[in-house]
Ligand code: UDP
Ligand code: MG
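Numbering (this note's numbering), first residue to last: 587 to 910.
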């Protein structure tokens with residue numbers, strides 16, 4: 587847990603994109619939860635280019651009530667970027683990211699905080715159930731988390747969205763990751779630290795409709811797969827090896843038939859097929875090799891830190907001497 591040096595203890599980061607329908611309920615419930623917390627808290631609304639009255643309502647609130655803050659982005663940058671903007675502005679010792687539509691119940695925040703006080707640095711909120719979402723969304727989400735879990739070498743927890751609490755030191759580390767295509771939950775998993783989870787039932791959206799149409803979901807899934815797995819790159823190599831291997835086997839078999847003067851052998855056709863499939867295989871293999879270099883370049887341009895330090899001890903001897 588961080589030292590009690592900052593004046594704000596809890597920062598809530600809430601991305602908002604055309605959520606005027608849920609704002610009255612959200613603000614009422616947030617007000618209750620904020621007043622129950624055991625320290626000063628701020629709620630940062632990041633307006634991701636809303637075109638409805640959300641901007642006006644939230645700005646007015648931020649001017650009136652010091653617990654609320656408002657950041658208006660100049661256009662719709664997408665959920666993950668909105669979250670990042672809010673986290674960059676957060677001042678608290680513990681930062682909680684949640685959706686505006688009350689699918690992430692504000693009351694769960696208190697459970698997240700309890701786990702944080704036990705000494706955990708990242709507390710995920712895992713969805714036990716998802717109500718009011720189409721069978722298609724549920725099935726694709728289920729598949730997405732399972733596939734990602736298999737493809738990625740960092741343990742990205744299944745059935746966990748962006749609703750989580752992170753400690754200040756995790757946020758400081760996260761801010762050293764400047765990658766453009768952001769998949770925040772994966773980045774936090776990549777960072778490590780002491781992780782715990784709280785389970786909750788995900789309710790139906792309180793009002794309004796989803797701001798995640800299919801194309802945004804596909805983009806998020808692509809960002810996750812490309813940023814946290816190099817399996818797609820290695821695929822070409824394996825395909826290339828398989829095709830070349832089969833072509834060679836086929837070539838050997840054709841030569842055997844030719845040597846034994848088999849009447850099934852079609853002159854001209856067999857040799858052409860062998861050459862074509864072998865060249866195809868070699869082509870794929872070469873693409874795969876280029877892919878490996880591209881993968882290295884990709885890793886470099888992400889400019890992630892090489893490692894993240896969780897604790898240090900015994901480096902500053904003066905500090906140790908002052909401890910009674
Ligand atoms: N959101 C956003 N920018 C977007 C899409 C969504 O800031 O481009 C916000 C939205 O207002 C909500 C949260 O991200 O607070 C999650 O979106 P939504 O509830 O529509 O997604 P779903 O729960 O349907 O996956
Ligand atoms: Mg939602």
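Glycine included, each C-beta is placed from N, C-alpha and C at the ideal position.
Between the CA atoms of residue j and residue i - distance to the nearest angstrom
i	j	result
residue 602	residue 802	15 Å
residue 785	residue 714	6 Å
residue 623	residue 608	22 Å
residue 894	residue 690	29 Å
residue 837	residue 872	21 Å
residue 814	residue 628	32 Å
residue 776	residue 816	14 Å
residue 812	residue 903	44 Å
residue 723	residue 631	26 Å
residue 789	residue 697	17 Å
residue 590	residue 768	At residue 590, the pLDDT of 47 sits below 50, so the modelled position is not reliable and the matter cannot be decided from this model.
residue 621	residue 670	25 Å
residue 699	residue 625	11 Å
residue 892	residue 774	15 Å
residue 725	residue 809	19 Å
residue 677	residue 617	19 Å
Minimum C-alpha distance to residue i - residue among the options
i	options	result
residue 793	595, 605, 763, 599	605
residue 707	692, 679, 658	679
residue 870	823, 838, 787, 751	823
residue 795	719, 806, 788	719
residue 780	659, 866, 753	753
residue 743	877, 783, 760	783
residue 919	879, 747, 647, 855	Residue 919 lies beyond the residue range present for the chain, which begins at 587 and ends at 910; the question has no answer from this structure.
residue 741	758, 772, 767	772
residue 859	835, 874, 881	835
residue 880	739, 818, 662, 738	818
Rounded distance between the beta-carbons of residue j and residue i, thought under 8 Å
i	j	result
residue 638	residue 665	About 17 Å separates the two Cβ atoms, so there is no contact after all.
residue 685	residue 749	7 Å
Assigned exposure category for residue i - 16 Cβ within 10 Å defines buried
i	result
residue 693	exposed
residue 535	As shown, the chain starts at 587 and ends at 910. That puts residue 535 outside it, with no answer to give.
residue 549	Given that the chain is displayed from residue 587 to residue 910, the structure contains no residue 549 and the question cannot be resolved.
residue 849	exposed
residue 770	buried
residue 668	buried
residue 598	buried
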